[in-house]
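Asks: My questions will all concern the structure given below.
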Amino acid sequence: MNLDFLKNFSLKEEVLKRLITPEIDEAVAKTAKPVGSFGYDPWGYNENMAKVGMGVTKLLYDKYFRVTASGLENIPKTGRVLIIPNHSGQLPMDGVLIGYAIATNEHGPRAPRAMIERFFPTVPWLGNLLNGFGAVIGDPLNCERMLENDEAIIVFPEGVRGSGKLYKKRYQLQRFGNGFMHLAMAHNTPIIPCGVVGCEETMPAIANIKPLAKLLGIPYAPVAVPLPLPARVHLNFGEPMMFEGDLNNEEQVTERVEQVKDEIRKLIEKGLKERTSLY
Amino acid sequence: MAEKKTVLVTGAAGSLAKRVISRLHGKYHVVAVDFRQKVETDADIPSYKVEMFKRGFEDVFRNHKIDAVLHIGRIFAHESTRQNRYNANVLGSKHLFDLCRKYKVGQVLVHSTFYVYGASPYNPALLDEESPLKASDVTADLVDTVELESLAKIHMWRYPELNMTILRPCNVLGPGVRNSMSLLLSRPLAPVLMGFSPLMQFLHVDDMADAMFAAFEKNKPGIYNVAPDDWVAYQEAVQQCGCKRLPLASIPPVLPKLISTILNWNAFFPPYLINYFKYPVIIDGKLFRETFDWKPKRNLNDIFSYYRKNKLVTPKA
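Sequences listed follow chains A and B, in order. Per my numbering, the first sequence starts with residue 1, numbered consecutively. Per my numbering, the second sequence starts with residue 1, numbered consecutively.
What follows is the structure, encoded as structure tokens:
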């Protein structure tokens, strides 16, 4: 038997060749970010890693979660923008799918940024990986700098309250932090509300073992299926919302946050109506 | 013609100070001091071996009319015990600043480090000069470094006549540099934490010397980060320097610290710096670059190629 072909075989290269299709190469090239001499930007974004991330997400997006996205034309082609979705599904799958939808948007692709939970950098491999794809910890200073750079940023104002909630609370918006509204007003940034339907069903949790979570130093420890289920996901992006001016107190900021929440609720309703089957 | 100014340089035996002295030489009178050894310098540069926190140090100020001080000398953790380091870095610097006031020195430049910001998973990128200094949260071994800065800052605000400038450079590398990072990258085998490859910034020692010289000549008191506008992940830097990676288990966090302690890696991968190999500390050097119109002349590849050539290996494509 001739095994010569194995001599030049590299599993890594073979996998990469299959993952990074020419269209992904093109998509990353179209949305190039300013990077240093080794392809990194100061937040850890790396072009090569972004390509791998997109390659994997493409499979999840097209084949596994069979995502339907609408309203993508609402996302500005250039300039700063905050994308504000509801958060669900224990794992940050929703962020990954929204990111992919924005990066491959046929109306004008953007290289999105996602603000992630502060505990991710402490997880080996995952922290670096997420940074490489363009995600950064949700520190207001990071967000400010990126808005100044006119980036498109995904923020989940519910944080772990949203992603870690139990299945019985599905599609109920949890308390939103006000930070994103302050940033949007201070930096004159449009907000795109986004309703995510389907991620709740990827990992329905029946309970949260708080002592275990505390022991492991993670935000929550759900009793759920070990891997995400292949639920169909619907993403609905709403029209840009602008909020201007100085406000006198935090209450008024909260009122504006409620306006965004109302829009997201409508978009979730729309998604639920569109959905014909769960899986 | 105005008389030449006299500049006192501390830590004169170090590679950075030597380069700064050569830039000052001729244009200024230089006085060199170091606690380690009496530095061999050009004939007209007086040189002293003296410990700054001791009384005898004042003789340097009695014998020379010092106009400016470039305080470069700081003992690294691998060079001495915690107690000695505290004496030299904190008490020594306090003594130095007191003498500067007593002998009416008109300009003081302090060489600090980016380590003062501390490596934490919560750090945003591009820390500016106003970011909190969290290094002493991470480890008691960096207390002297943070303390030195606080002392300098107190003097900066309270005695503006000292014209105090504090520089916080990122990792400085290059020929002759003996800090932990340089010793680490000089080794054939460099420890890395599995699953962690934080972004880092590197500066060539010649560029740092240029930066110090520019800061001294332009004299614009304040606190400045000194760093290039370029970034690379640690594990990539290690490979670019021609090192093989030695992966260490990273969880639980005490494990790599334990390994480092047991194997006595204090010089190049000390237990108290482990977090800097885990989480990025990316500083924003914009203020310095714009204020002093300075830009590094050497890029990352120039820096790494020195370490690569020393090992006589070719880099991976």
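All C-beta atoms, glycine included, are put in the ideal place defined by N, C-alpha and C. The structure displayed is predicted, hence computed values, not measured ones.
Using a Cβ-Cβ cut-off of less than 7 Å, give me the residues of the segment 233-248 of chain B that come near chain A, in sequence order.
Replies: Residues 233, 236.
Asks: With distances taken from CA atoms, which of B:226, B:296, B:217 is nearest residue 129 of chain B?
Replies: Numbered from its first residue, the second sequence carries residue 129 of chain B at position 129. The shortest Cα separation from residue 129 of chain B among B:226, B:296, B:217 belongs to B:226.
Asks: Give the C-beta separation of residue 118 of chain A and residue 280 of chain B to the nearest angstrom, bearing in mind that I take them to be a contact with Cβ-Cβ under 8 Å.
Replies: Counting from 1 along the first sequence, the entry for residue 118 of chain A is found at position 118. Counting from 1 along the second sequence, the entry for residue 280 of chain B is found at position 280. No, residue 118 of chain A and residue 280 of chain B are not in contact; Cβ-Cβ is about 14 Å, not under 8 Å.
Asks: Buried or exposed: where does residue 65 of chain A fall if 16 or more other Cβ atoms within 10 Å of its Cβ makes it buried?
Replies: As a working note, residue 65 of chain A is residue 65 in the first sequence. Per the 10 Å Cβ criterion, buried.
Asks: I'd like to know whether the C-beta atoms of residue 114 of chain A and residue 99 of chain A end up nearer to each other than 8 Å.
Replies: If you number the first sequence from 1, residue 114 of chain A lands on position 114. If you number the first sequence from 1, residue 99 of chain A lands on position 99. Yes.
Asks: Beta strand (DSSP E) containing residue 193 of chain A: first to last residue?
Replies: In the first sequence, the residue the question calls residue 193 of chain A occupies position 193. Residues 191-197.
Asks: Between which two residues does the beta strand (DSSP E) holding residue 202 of chain B run?
Replies: Taking the second sequence and counting its residues from 1, one reaches residue 202 of chain B at position 202. 202-204 is the span of the beta strand (DSSP E), which, as asked, contains residue 202 of chain B.
Asks: Please name the residue in A:273, A:3, A:168, A:150 whose C-alpha comes closest to that of residue 184 of chain A.
Replies: Within the first sequence, the letter at position 184 stands for residue 184 of chain A. If we check each option's Cα against that of residue 184 of chain A, A:150 comes out closest.
Asks: Only counting the same chain, and skipping five residues up and downstream in sequence, which positions put a Cβ closer than 6 Å to that of residue 29 of chain B?
Replies: Taking the second sequence and counting its residues from 1, one reaches residue 29 of chain B at position 29. The answer, listed in chain order, is 4, 6.
Asks: Cβ of residue 250 of chain B less than 8 Å from any chain A Cβ?
Replies: Taking the first residue of the second sequence as 1, we reach residue 250 of chain B at position 250. It does: the Cβ of residue 250 of chain B has a partner Cβ on chain A nearer than 8 Å.
Asks: Could you tell me which of B:119, B:213, B:125 sits nearest to residue 294 of chain B, measuring between CA atoms?
Replies: As a first step, residue 294 of chain B is located in the second sequence; it is residue number 294 there, counting from the start. Nearest C-alpha to residue 294 of chain B: B:213.
Asks: Consider the Cβ of residue 197 of chain B: report whether some Cβ of chain A lies at a distance smaller than 8 Å.
Replies: Here residue 197 of chain B corresponds to residue number 197 of the second sequence, with the count starting at 1. Yes, residue 197 of chain B counts as interfacial toward chain A.
Asks: Which value, in whole angstroms, describes the spacing of the CA atoms of residue 317 of chain B and residue 51 of chain A?
Replies: Translated into the one-based positions of the second sequence, residue 317 of chain B becomes position 317. Translated into the one-based positions of the first sequence, residue 51 of chain A becomes position 51. Unreliable positioning characterises residue 317 of chain B in this predicted model, as indicated by a pLDDT of 45, which lies under 50. The coordinate reading is nonetheless provided below. Cα to Cα, residue 317 of chain B sits roughly 19 Å from residue 51 of chain A.
Asks: Excluding the five sequence neighbours on either side, which residues of its own chain have a C-beta within less than 6 Å of the C-beta of residue 272 of chain A, listed in chain order?
Replies: Within the first sequence, numbered from 1, the residue matching residue 272 of chain A stands at position 272. Excluding positions up to five away in sequence, the list reads 197.
Asks: Please report whether the beta-carbon of residue 279 of chain B lies at a distance below 8 Å from any beta-carbon of chain A.
Replies: Here residue 279 of chain B refers to the residue found at position 279 when the second sequence is read from its first residue. Judged by the 8 Å Cβ criterion, residue 279 of chain B is in contact with chain A.
Asks: How should residue 179 of chain B be labelled, buried or exposed, when 16 other C-beta atoms within 10 angstroms of its C-beta is the threshold for buried?
Replies: As a first step, residue 179 of chain B must be located in the second sequence, where it is residue number 179. Buried, since its Cβ has 16 or more Cβ neighbours within 10 Å.
Asks: Let's test the definition: count the other Cβ atoms within 10 Å of the Cβ of residue 261 of chain A and tell me whether it reaches 16, buried, or not, exposed.
Replies: Here residue 261 of chain A is taken as the residue at index 261 of the first sequence, counted from 1. The residue in question, residue 261 of chain A, is buried, as its Cβ has 16 or more Cβ neighbours within 10 Å.
Asks: Quick check: the Cα distance between residue 71 of chain A and residue 238 of chain A, rounded to an integer number of angstroms?
Replies: The count along the first sequence starts at 1 and reaches residue 71 of chain A at position 71. The count along the first sequence starts at 1 and reaches residue 238 of chain A at position 238. Straight-line Cα distance between these residues: approximately 6 Å.
Asks: Just to confirm, are residue 59 of chain B and residue 105 of chain B a CB contact at a threshold of 8 Å?
Replies: Residue numbering aside, residue 59 of chain B sits at position 59 when the second sequence is read from its first letter. Residue numbering aside, residue 105 of chain B sits at position 105 when the second sequence is read from its first letter. It is not a contact, given that the beta carbons lie outside the stated cut-off.
Asks: Quick one: does residue 190 of chain B have its CB under 8 Å from some CB of chain A?
Replies: Numbered from its first residue, the second sequence carries residue 190 of chain B at position 190. No, residue 190 of chain B lies away from the interface with chain A (no Cβ there is under 8 Å from its Cβ).
Asks: Please report the straight-line C-alpha distance between residue 53 of chain B and residue 39 of chain B, rounded to a whole angstrom.
Replies: Reading the second sequence from its first residue, position 53 is the one you call residue 53 of chain B. Reading the second sequence from its first residue, position 39 is the one you call residue 39 of chain B. Residue 53 of chain B and residue 39 of chain B: Cα-Cα distance of roughly 19 Å.
Asks: Could you give the C-beta distance for residue 232 of chain A and residue 279 of chain A, rounded to a whole number, given that I count them as a contact under 8 Å?
Replies: As a working mapping, residue 232 of chain A is identified with position 232 in the first sequence. As a working mapping, residue 279 of chain A is identified with position 279 in the first sequence. That belief holds up - the Cβ atoms of residue 232 of chain A and residue 279 of chain A are roughly 7 Å apart, short of 8 Å.
Asks: Where do the ends of the alpha helix (DSSP H) carrying residue 203 of chain A lie?
Replies: Along the first sequence, one-based indexing puts residue 203 of chain A at 203. Taken as a continuous stretch (DSSP letters only), residue 203 of chain A belongs to no alpha helix (DSSP H), as it is neither H nor E.
Asks: In the structure shown, what three-state DSSP assignment does residue 192 of chain B receive?
Replies: Residue 192 of chain B sits at position 192 when you count from the first residue of the second sequence. Strand, per DSSP.
Asks: Tell me the residue span of the beta strand (DSSP E) that contains residue 70 of chain A.
Replies: If you number the first sequence from 1, residue 70 of chain A lands on position 70. Run containing residue 70 of chain A: 68-70, per the beta strand (DSSP E) assignment.
Asks: Return the CA-CA distance between residue 271 of chain B and residue 256 of chain B, expressed in angstroms with no decimal places.
Replies: Position 271 of the second sequence, counting from 1, holds the residue named residue 271 of chain B. Position 256 of the second sequence, counting from 1, holds the residue named residue 256 of chain B. Looking at the two C-alpha atoms, the distance is approximately 7 Å.
Asks: Alpha carbon to alpha carbon, how far is residue 65 of chain B from residue 199 of chain B? Give it in angstroms, no decimals.
Replies: The residue given as residue 199 of chain B occupies position 199 in the second sequence. The residue given as residue 65 of chain B occupies position 65 in the second sequence. Cα to Cα, residue 199 of chain B sits roughly 44 Å from residue 65 of chain B.
Asks: Where does residue 279 of chain A sit, in a helix, a strand or coil, going by DSSP?
Replies: As a position in the first sequence, residue 279 of chain A is number 279, starting the count at 1. Note: residue 279 of chain A maps to coil in three-state DSSP.
Asks: Select from the segment 16-48 of chain A all residues with a C-beta closer than 8 Å to any C-beta belonging to chain B, and list them in chain order.
Replies: Correct list: 36, 37, 38, 40, 41, 42, 43, 44, 46.
Asks: Which residues, taken in chain order from the segment 117-131 of chain B, show a beta carbon closer than 7 Å to some beta carbon of chain A?
Replies: Within the segment 117-131 of chain B, the residues whose Cβ lies closer than 7 Å to some Cβ of chain A are 121, 122, 124, 125, 126, listed in chain order.
Asks: For residue 44 of chain B, would you say it is in contact with chain A, using Cβ-to-Cβ distances shorter than 8 Å as the test?
Replies: Against the second sequence, residue 44 of chain B aligns to sequence position 44. Cβ-Cβ to chain A under 8 Å: no for residue 44 of chain B.
Asks: Is there a Cβ from chain A that is less than 8 Å from the Cβ of residue 223 of chain B?
Replies: In the second sequence, the residue the question calls residue 223 of chain B occupies position 223. Not one chain A Cβ lies under 8 Å of residue 223 of chain B.
Asks: Would you kindly report the start and end of the unbroken alpha helix (DSSP H) that includes residue 59 of chain B?
Replies: On the second sequence, position 59 is the one that residue 59 of chain B refers to. 58-63 is the extent of the alpha helix (DSSP H) around residue 59 of chain B.
Asks: Buried or exposed for residue 106 of chain A, going by 16 or more other Cβ atoms inside 10 Å?
Replies: One-based indexing of the first sequence puts residue 106 of chain A at position 106. Under this definition residue 106 of chain A is an exposed residue.
Asks: Given that residue 150 of chain A touches chain B, what residues does it touch there, using C-beta distances under 8 Å?
Replies: Counted from its first residue, the first sequence places residue 150 of chain A at position 150. Those within 8 Å of residue 150 of chain A in chain B number zero; the least Cβ separation is about 16 Å.
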